Amino acid sequence: MTGPAGARRILILGGTGEARAFVETALARHGPAIDPITALAGRTRTPAALPGRVRIGGFGGAAGLADYLRAEAIDLLIDATHPFARRMPHHAAEAAAETGTPRLRLERAPWRAGPGDRWHPVGSVEEAAERLPDHGRRALVTVGAQEAARFAAIAGACVHLRAIDAAGLPPERADLRHILARGPFDPAAERALLARHRIDLLVTKNSGGAATVAKLEAARAASIPVLMVERPAPPAPGPRVETVAAALDWLAKRLEERRRDAMN
Ligand code: NAP
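Start counting the sequence shown at 23; every next residue gets the next number (the numbering used here).
In structure tokens, the structure reads:
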């Protein structure tokens, strides 16, 4: 299946709310002038529906992605993968450089601690799991299903793993519980969740964004400490924006340039 003739073909590396919002608004604004394809890694069993075309599964490293960009004649590459996607942003940078495809990194701003927050920064999820018993006995862990297994055997603590679905989570036991839920989350519900499970520690990645910030507000309100996993190293320098609106501006400029070139 191909998109509309003459349309600019855009590959969006997705798996985030930003990727979805970008595609929805870009299609609403530019209609048949664009042919967006969202690529998903395929980690979530039931991804929410997306407009435009969707491709599921990896490309086979940076070289595989470069082959795909060439084979599909991709005009623009938007890397809207999650701030904690360790490999894909690097692959995107390499493949874009190799093929000469304009690339934009869309990465939401990190959360920043404010008055009343009791954050303890850690360099990795592994470190968070190691340090968990030093900070709490009943933890809410929201690091995503992929790395949840690191919390399967924490001596002396009860761990509540929150994830979209149970795929990949270590099995439940008396001291390892699943909380299955998809954001966005609301501050009152997050406060109630912390109280219901008598949570005394929150473990999270510094993902940023509005959809899941309520847990931090709830932790602040209850004076609960937070083990905050800091972001991995960014990819090679290149155009980079923090908001969907800025990414849409970048797209509009690229489409305008193309229109001008076509007229000359
Ligand atoms: P990663 O370490 O950067 O990616 C691992 C491999 O998965 C990549 O090498 C690539 O395989 C494939 N992949 C990743 N993103 C892809 C995409 N959008 N489309 C097609 N293939 C993709 O990332 P990750 O941490 O495993 O995350 C996987 C996906 O989940 C990402 O799309 C990310 O946006 C989303 N996500 C991640 C987190 C998180 O905390 N890490 C949270 C929410 C959502 P090949 O090398 O074979 O191309």
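All C-beta atoms, glycine included, are put in the ideal place defined by N, C-alpha and C.
These figures come from a predicted structure and were not determined experimentally.
CA-to-CA, the gap between residue 92 and residue 123 works out to about 9 Å. Buried is the label assigned to residue 250, since at least 16 other Cβ atoms lie within 10 Å of its Cβ.
Out of 279, 276, 286 and 270, the CA that lies nearest to the CA of residue 45 is found in 270. Relative to the non-hydrogen atoms of the ligand NAP, the Cβ of residue 178 never comes closer than 7 Å to any of them. Per DSSP, reduced to three states, the secondary structure at residue 226 is strand.
Every unbroken stretch of the alpha helix (DSSP H) spanning 4 or more residues and falling wholly within the segment 59-114 is given here in chain order: 83-93. Sequence-distant partners of residue 84 (beyond 5 residues in either direction) whose C-beta falls short of 6 Å from its own C-beta, in its chain, are 113, 116 and 117. By the neighbour-count definition (other C-beta atoms within 10 Å, threshold 16), residue 201 is an exposed residue.
In this structure, residue 106 has its beta carbon less than 7 Å from a heavy atom of the ligand NAP.
Distance from the C-beta of residue 237 to the nearest heavy atom of the ligand NAP is not below 7 Å. Distance check between residue 137 and each of 205, 164, 242 and 285 places 242 closest, using alpha-carbon atoms only.
Pairing residue 102 with residue 36 gives a Cβ-Cβ distance under 8 Å. Our two residues, residue 282 and residue 247, have alpha carbons roughly 54 Å apart in a direct line. Residue 251 is bridged by DSSP to 144 and 227. According to DSSP, residue 163 shares a beta bridge with 183 and 225. Remark: C-beta atoms of residue 167 and residue 191 approach each other more closely than 8 Å. Under the three-state reduction of DSSP output, residue 200 falls in the strand class. For residue 98 against residue 30, the beta-carbon gap comes to about 6 Å, under 8 Å, which counts as contact. One Cα belongs to residue 211, the other to residue 237, and the distance between them is close to 9 Å. When distances are taken from the beta-carbon of residue 226 to the heavy atoms of the ligand NAP, even the shortest one reaches 7 Å or more. Less than 8 Å separates the beta-carbon of residue 244 from that of residue 213. Here residue 40 is buried. Its C-beta has 16 or more other C-beta atoms within 10 Å. Closest by C-alpha distance to residue 125, out of 134, 110 and 254, is 110. Between residue 165 and residue 181, the C-beta spacing is not below 8 Å. If the five residues before and after residue 263 are omitted, its C-beta is found closer than 6 Å to the C-beta atoms of 128 and 269, all from its own chain and listed in chain order. Residue range 266-285 is occupied by the alpha helix (DSSP H) that includes residue 281.
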